[in-house]
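Everything below concerns the one structure shown next.
Numbering (our numbering), first residue to last: 720 to 865.
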């Protein structure tokens with residue numbers, strides 16, 4: 720298995736998780752997140768009903784190990800703003816994963832690249848576009864376009 724296909728496998732798992740978020744997460748988008756360490760999935764999360772954990776916050780809450788060397792796979796750019804819940808991008812900065820793979824950017828103008836910037840400004844390596852077409856096809860009906 721190539722390195723790329725390993726990363727795709729983890730992002731596809733995050734996509735599966737995002738589907739589990741429906742319909743309870745609405746009106747928020749159904750997002751999935753997977754944490755991987757040493758080649759093993761160590762935590763998962765998906766969007767919960769409004770006011771509860773987003774995918775990244777759920778994965779953080781479930782994980783009790785060291786974040787050193789941890790890699791995160793998220794279907795949608797982590798939110799950069801405080802709404803009913805804290806910013807997921809800032810929550811990821813606190814735990815400092817080694818790398819964050821993001822399938823697609825959030826078209827919501829409150830975010831739209833700002834979540835990526837928060838991560839990168841904190842020195843976290845971010846790669847956008849892994850499985851982007853498949854994730855976009857699934858998420859498109861649920862995303863805010865403003």
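Each residue gets a CB set at the ideal place from its N, CA and C atoms; glycine is no exception.
Where residue 775 is concerned, the enclosing alpha helix (DSSP H) starts and stops at 774-781.
Per DSSP, the beta bridge partners of residue 763 are 753. DSSP lists 790 and 844 as the beta-bridge partner residues of residue 818.
Distance from the CA atom of residue 776 to the CA atom of residue 833, rounded to whole angstroms, is 18 angstroms. With fewer than 16 other Cβ atoms from the protein chains shown falling within 10 Å of its own Cβ, residue 828 counts as exposed.
Residue range 851-858 is occupied by the alpha helix (DSSP H) that includes residue 856. Shown here for residue 806: same chain residues with a beta carbon closer than 8 angstroms to its own, the five before and five after excluded, namely 797, 798, 799, 800, 834 and 837 in chain order. Between residue 847 and residue 822, the CB-CB gap stays under 9 angstroms.
Closest in alpha carbon position to residue 780, among 743, 814 and 795, is 814. Within the model, the alpha-carbon separation for residue 734 versus residue 849 is close to 11 angstroms. Shown here, residue 741 sits in coil according to DSSP, grouped into three states, outside any helix or strand. The three-state reading of DSSP puts residue 795 in strand, counting E and B together.
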